[in-house]
Amino acid sequence: MTFSVYSIRKDFPILEKKINGQSLVYLDSAASTQKPLQVIEKEKEFIYNKYAAIHRGVHSLSIEATMIVEKVRQQVACFINAKNTEEIIFVKNTTEGINLIANSYGRNFIKLGDNIIISQMEHHANIVPWYLLSKQIGFNIRILPINNNGKLIFEQLDKLIDSRTKLLSFTHMSNVLGTVNPVKDIISYARQCAKKIAIQLYILLDGAQSIMHQKVNVQDLDCDFYVFSGHKLYGPTGIGILYGKKSLLNSLPPWQGGGGMIDKINITLSKSFIIDITYEKAPWKFEAGTLNIIGIIGLSEALNYIDNIGYKQICIHENELMKYANYHLSTINSLHFYGSEDRQGIIAFNLGNHHAYDVGSFLNNYAIAIRTGHHCASLLMNFYKVSSMCRISIAIYNTKEEIDFLVKKLQYIKKLLG
Ligand code: PLP
């Protein structure tokens, strides 16, 4: 199948939308991608014909829905090349996946005086859960720094990892700079450092941004945990994936209690309330309560959608567009870029001394949707000594014409505001 971005655009009905009388130019896919018709229709078809609560029913609809959901688990495992289907946990989003690890692994295995390492380019989703827990337990959070090009100085892991280090948790790709970290090299180096001092170091990768741009192979990366959100992958909101190595997941306690995660339970009501309880094995012990069944169906179709286009084609299109955008944006002389030119899918900048909100609001007059603010990456804002940035982020449906329009309007703003 030959690739045409104009055919792809027909799959996304929202791209037809007019805002302020102008055609929408959606450059905010790092926040959330738009949804193709295939995903929308699949969810609708499931609700019309197949919907029922899963796992606990003996009636046909429930049995069929359970089989469909468990098949999606298998599909996700294949998608990221997990060794085992039971390594895939359905969560709400990346944030919930990280909170799960913090509250299951972290709460039970990280002790007073221990430390964990995160990086300077983390999203708050990979900062705040650890901060909250560290306040309760008393462990330290160490920061792996970046250089001026927005690259992790990962050689410093040698100094940061010591006998009390329990976890290295960092992002596969920066949501601000677009830097794709050489995660395989970093993990391998971190494992060497840990081996030298004979400690067990676990590694969590935040895949929220990377998963939409590149094929992920968790076995090849050799991470212990990998998390991502469906809504940044052309799928629905409210569904995400936490991958964890099977033996590790089975050694962790559940973090939330409720229906669906219990193997056996015996409740005695005598003077005191006694519960004798055993939990399901992973992944089900981490899936208390009714799952986002419709979201899982939507996610499955989003994965089909990506498979049909192919990551190879996605990369070709996005890389070409990024090259085009880097070049044409750099012709605006008062545009200051953050990070380096080999960024993927994302460009962060400020226009002269103008506040990012002003630039973003101005572009909105022309239906150009960009993101402005601190991008939930306060450590990074501190590093660059700014309070906000403008960020454009592209996806499979963006075109060179949209970049031309953006450049034209930025030039106009510059002229207007001085
Ligand atoms: N991590 C990164 C790198 C992100 O960019 C984001 C969202 O933008 C998140 C985590 C949080 O994702 P979610 O809001 O889907 O949980």
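Mapping the sequence shown onto this note's numbering, position 240 (from 1) lands on 972, and the numbers just tick up by one. Glycine residues also receive a C-beta, built at the ideal position from the N, C-alpha and C atoms. Note that the structure is a prediction, hence the values are computed from the model and not measured.
Worksheet entry | 8 angstroms contact criterion, which Ile1079 and Lys1141 should meet: CB distance rounded | Between Lys1141 and Ile1079 the Cβ distance is about 15 angstroms, and since that is not below 8 angstroms, they are no contact.
Worksheet item: Relative to the ligand PLP, is the shortest distance from any of its heavy atoms to the C-beta of Ala857 smaller than 6 angstroms?
Response: Judged by the Cβ position, Ala857 qualifies as a neighbour of the ligand PLP at the 6 angstroms threshold, a heavy atom of the ligand being closer than this.
Discussion item. Taking 6 angstroms as the cut-off, is the beta-carbon of Ala1101 closer than that to any non-hydrogen atom of the ligand PLP?
Written reply: Result no, Cβ not under 6 angstroms from the ligand PLP.
Worksheet item: Considering only C-alpha positions, which residue in the set Lys1147, Ile1135, Ile1128 and Gly1150 is nearest to Phe735?
Response: With distances taken between Cα atoms, Phe735 lies closest to Ile1128.
Practice prompt. Provide the residue span of the beta strand (DSSP E) that contains His904, from first to last.
Written response: From DSSP, His904 is part of no beta strand (DSSP E); its letter is neither H nor E.
Item to complete: Kindly identify the DSSP beta-bridge partner or partners of Asp1008.
Response: Asn998, per the DSSP bridge assignment.
Item to complete: Would you list, in sequence order, the uninterrupted beta strand (DSSP E) runs of no fewer than 3 residues that lie entirely inside the stretch 883 to 954?
Response: If one requires a minimum length of 3 residues, the beta strand (DSSP E) runs lying completely within the stretch 883 to 954 are 897 to 903 and 934 to 938, in chain order.
Item to complete: Could you check if Asp890 is buried or exposed, using at least 16 other CB atoms within 10 Å of its CB as the buried criterion?
Response: By the neighbour-count criterion, in which 16 or more other beta carbons inside 10 Å mark a residue as buried, Asp890 falls on the exposed side.
Worksheet item: Sorry if obvious, but does the Cβ on Ala834 come closer than 6 angstroms to a heavy atom of the ligand PLP?
Response: No; taking the cut-off as 6 angstroms, the Cβ of Ala834 has no heavy atom of the ligand PLP nearer than that.
Worksheet item: Would you say Asn825 touches the ligand PLP, meaning its beta carbon is less than 6 angstroms from a heavy atom?
Response: It does: the Cβ of Asn825 is within 6 angstroms (strictly closer) of some heavy atom of the ligand PLP.
Discussion item. Suppose the cutoff is 6 angstroms on Cβ atoms and the five residues either side in sequence are ignored; what does the same chain contact list for Val737 look like?
Written reply: Excluding sequence neighbours, Val737 sits near Thr1131.
Worksheet entry | Cβ-Cβ distance between Phe957 and Ala940 below 7 angstroms | No. Outside cutoff.
Discussion item. As an exercise, report each continuous beta strand (DSSP E) stretch of at least 3 residues that is fully enclosed by the stretch 797 to 832, in chain order.
Written reply: Here the runs fully enclosed are 820 to 823.
Practice prompt. Examine the Cβ distances between the stretch 1059 to 1067 and the stretch 821 to 840 and report whether three or more of them are shorter than 8 angstroms.
Written response: Taking 8 angstroms as the limit for Cβ pairs, the verdict is that the stretch 821 to 840 does not touch the stretch 1059 to 1067.
Practice prompt. Give me the Cα-Cα distance between Glu796 and Lys767, rounded to the nearest whole angstrom.
Written response: Distance from the CA atom of Glu796 to the CA atom of Lys767, rounded to whole angstroms, is 26 angstroms.
Worksheet item: How far does the alpha helix (DSSP H) with His1068 in it reach, from first residue to last?
Response: That residue, His1068, is in no alpha helix (DSSP H); its beta strand (DSSP E) goes Leu1067 to Tyr1070.
Worksheet item: Which parts of the stretch 856 to 882 are runs of the alpha helix (DSSP H), unbroken and 4 residues or longer, counting only runs that do not cross its ends?
Response: Counting only runs of 4 or more residues that sit fully inside the stretch 856 to 882, the alpha helix (DSSP H) segments are 860 to 869, in chain order.
Worksheet item: By how many angstroms is the C-alpha of Phe1081 removed from the C-alpha of Lys1147?
Response: Whole-angstrom Cα-Cα distance: 17 angstroms.
Worksheet entry | Asn831: CB within 6 angstroms of a non-hydrogen atom of the ligand PLP | The answer is no for Asn831.
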